[in-house]
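**Q** Can you read through this structure? Questions will come right after.
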Amino acid sequence: MTLSTVGSGLTKINADKEKLGLHYVGLMLVLAWYYCLWFVPGVIRWSGLLEFANILSWLANLGASGFFLLILPLFMKKGRLFENQAQSNYVLSIGLCICTLIFTMVTPVWQHFSLYGVLFPLILGFLNASLWLLWGELHGRRHSKFTIEKIAPVFAVVMGVFLLVSYVLPAPFDSIFVSCIPLLAMAAFKKETESLPEKATIPPLLPEKPRKNAMFSMAIICITISGCCAACYYNIAIIPIEFLPEEGKGYVWGVFASAVLLLMIGLAYKRMVNNSSIYQLIPWLMAACVISISLYATQDTFLYCASFEISVALCGVFEILIIMYFGSLSSKGYLAPSFAFGLSSGCVRIGFLVGNSIAVLEETLGVVDTFGQPLALGFICMLALIIIPHIRQEQNITGLTVNNNSTYEIDDICDSVIKEFGLSTREGEIIRLIAKGYTVDSISKKLYISPYTTQTHVRHIYAKMQIHKRSELLDYINMHRSE
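For the sequence shown, my numbering gives the first residue as -1, with consecutive numbering after it.
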């Protein structure tokens, strides 16, 4: 069997997985662990889902995971956070399993705030953030495309199944089941790693100019999603529990609704013929967020449950959309995968933390009746303000995720490459032609030089850019054309 045969076999396997979206299962398992731990009643044995101790622990974990998601990528070396990914996978997954089991099951130790409010939220936050970033690097090596028609069904199935099983299992098997989810993610990671070609690498970063130009659009979508998550979670936390399904069942229903909504969106976009960007849906989701908060602001208790469920469902959709967005940008070289995944989930966690903390502070001070409705209206005004720059930047935001250079012209990117790597005038001419799809023979005819001379220049370009083949060059300049 030749190397080319092996390579073509691996390519077919990855193509099949890409077609079905199976390579996103492990990533969704990490999310399922998070949702099942904090949103399924009874999993945490020592406290009810809506009791104050559990809420404090949840807030501490939000802060810890958000902090580590944003900070850990700063310690990357050569674009990677973990040098030995296989070993890191075992350590993080097993550690998360053991800590989850202790956190959910061992009742006596939770008499101390330092444990349930500080130590274990920090440990769980660190392990969860690290495992999430590790998966980000794996998807970077896979060059995953992060399309809604692939991710949505996988999210819906994985989240639906694991929520249902953890909800119906009797104690203590529900806690044990949730604790074992990281082990399933560990097995999925191992299988995905084995299917990768040995020399699979993280996409190289684009030249400095297009990356800098993209920063403003990325900042806008971070502010948009984080603001929406804060508004939704304030609404979730401020609604009195006596008007919600008992024992926190509303959280499970809301996450189920999120899975169903994403599945419907994915199926709808799969059937579309006009290739509309999924991110054009964000303003409409923001409008739905305004509606859900407005239902609470009416102070009509009959509408509270609907307001709650809509907000929970929207939180899940916003989280998946921002993960997709930054995952797509990392595959195109705008961000390293660790930065992309850390920034996406970090924004969501911080948004949850801000919205929930404001609601908890109101309830602690006993001023919900006085400030609940005005603050809800304030969040509506905030959403109205942040939607303006988002809509103004929508073309640039969506343009970054498409396969052609609608935002940044090919010549501009080639200029940056030529300057960054010190290419000669002739090498610059050749790289521009390669970027536009010319072959070696067509370049030779256009420049009136021999194919041998052209090939020599191409080898020099590859050496200066530290790449090995034409497809890597096209990936670098964000063209994504076939070799």
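Ideal Cβ positions, reconstructed from N, Cα and C, are used throughout, including at glycine.
Only a predicted model underlies this, so the values are computations on that prediction, with no experimental measurement involved.
Helix, strand or coil: which one does DSSP assign to residue 269?
**A** The answer is helix: DSSP assigns residue 269 an H, G or I state.
**Q** From what residue to what residue does the alpha helix (DSSP H) around residue 189 run?
**A** Here the alpha helix (DSSP H) through residue 189 covers 171 to 193.
**Q** Just the C-alpha distance for residue 472 and residue 30, rounded to the nearest angstrom, thanks.
**A** Computed Cα separation, rounded: 36 Å.
**Q** Give the DSSP-derived three-state secondary structure of residue 424 in the structure shown.
**A** Residue 424: helix per DSSP, three-state reduction.
**Q** Are residue 280 and residue 378 close, meaning C-beta to C-beta below 8 Å?
**A** No. Outside cutoff.
**Q** Less than 7 Å separating the Cβ of residue 102 from some heavy atom of the ligand COA?
**A** Although the ligand COA was asked about, the structure shown includes no ligands whatsoever.
**Q** When we look at the beta-carbon of residue 405 and count the other beta-carbons within 10 Å, is it buried (16 or more) or exposed?
**A** Its pLDDT being 40, under 50, residue 405 is placed unreliably in this model, and the value from its coordinates should be taken loosely. Buried: at least 16 other Cβ atoms inside 10 Å.
**Q** If I measure Cβ to Cβ from residue 116 and keep anything under 8 Å in the same chain, skipping five residues before and after, which residues do I get?
**A** The answer, listed in chain order, is 58.
**Q** With DSSP as the reference, label residue 43 as helix, strand or coil.
**A** Note: residue 43 maps to coil in three-state DSSP.
**Q** Whole-angstrom Cβ separation of residue 144 and residue 322, contact assumed at under 8 Å?
**A** At roughly 4 Å, the Cβ-Cβ gap stays under 8 Å, so residue 144 and residue 322 are in contact.
**Q** In angstroms with no decimal places, state the Cα-to-Cα distance between residue 165 and residue 179.
**A** Rounded to the nearest angstrom, the two C-alpha atoms are 14 Å apart.
**Q** Hey, residue 131 and residue 340: beta-carbon distance below 8 Å or not?
**A** Result yes, Cβ atoms of residue 131 and residue 340 sit closer than 8 Å.
**Q** Could you tell me whether the segment 206 to 223 touches the segment 85 to 105, using the rule of 3 or more Cβ pairs below 8 Å?
**A** No, the segment 206 to 223 is not in contact with the segment 85 to 105.
**Q** Determine, using beta carbons only, whether residue 177 and residue 99 come nearer to each other than 8 Å.
**A** It is a contact, given that the beta carbons lie within the stated cut-off.
**Q** Let's see if you can read the secondary structure: which residues bound the alpha helix (DSSP H) around residue 334?
**A** Neither: residue 334 is in no alpha helix (DSSP H) and is coded neither H nor E.
**Q** Taking Cβ positions, are residue 381 and residue 226 nearer each other than 8 Å?
**A** For residue 381 and residue 226, yes; Cβs fall inside 8 Å.
**Q** Taking buried to mean at least 16 other C-beta atoms within 10 Å of its own C-beta, is residue 201 buried or exposed?
**A** The residue in question, residue 201, is buried, as its Cβ has 16 or more Cβ neighbours within 10 Å.
**Q** What separation, rounded to the nearest whole angstrom, lies between the Cα atoms of residue 362 and residue 386?
**A** Near 34 Å, if we compare the C-alpha coordinates of residue 386 and residue 362.
**Q** Suppose you measure from the CA of residue 207 to the CA of residue 469; what does that come to, to the nearest Å?
**A** Those two C-alpha atoms are separated by around 21 Å.
**Q** Mind reading off the beta-carbon distance from residue 142 to residue 21? Whole number of angstroms is fine, and I expect it under 8 Å.
**A** Residue 142 to residue 21, Cβ: 6 Å. Contact.
**Q** Is the beta carbon of residue 455 sitting closer than 8 Å to the one on residue 425?
**A** For residue 455 and residue 425, yes; Cβs fall inside 8 Å.
**Q** Please report the distance separating the alpha-carbon of residue 337 from that of residue 352.
**A** Their backbone Cα atoms lie some 22 Å apart in a straight line.
**Q** If I measure Cβ to Cβ from residue 344 and keep anything under 6 Å in the same chain, skipping five residues before and after, which residues do I get?
**A** Counting only Cβ-Cβ distances below 6 Å, and skipping sequence neighbours, we find 64, 67 and 68.
**Q** Return the CA-CA distance between residue 251 and residue 302, expressed in angstroms with no decimal places.
**A** Rounded to whole angstroms, residue 251 to residue 302 spans 14 Å at the Cα level.
**Q** Per the contact definition of three or more C-beta pairs closer than 8 Å, is the segment 305 to 318 in contact with the segment 424 to 439?
**A** Output reads no: the segment 305 to 318 does not touch the segment 424 to 439.
**Q** Note the first and the last residue of the continuous alpha helix (DSSP H) segment covering residue 455.
**A** Where residue 455 is concerned, the enclosing alpha helix (DSSP H) stretches over 449 to 463.
**Q** By the 10 Å Cβ neighbour count, where 16 or more other Cβ atoms means buried, how is residue 396 classified, buried or exposed?
**A** Classification for residue 396: buried.
**Q** Do you know offhand how far residue 0's Cα is from residue 432's?
**A** Because residue 0 sits at a pLDDT of 36, beneath the cut-off of 50, its placement in the model cannot be relied upon, and the following sentence gives the value as read from the coordinates. Going from the Cα of residue 0 to the Cα of residue 432 covers about 29 Å.
**Q** In or out: residue 374 buried (at least 16 other Cβ within 10 Å) or exposed?
**A** Looking at its Cβ environment, which holds 16 or more other Cβ atoms inside 10 Å, residue 374 is buried.
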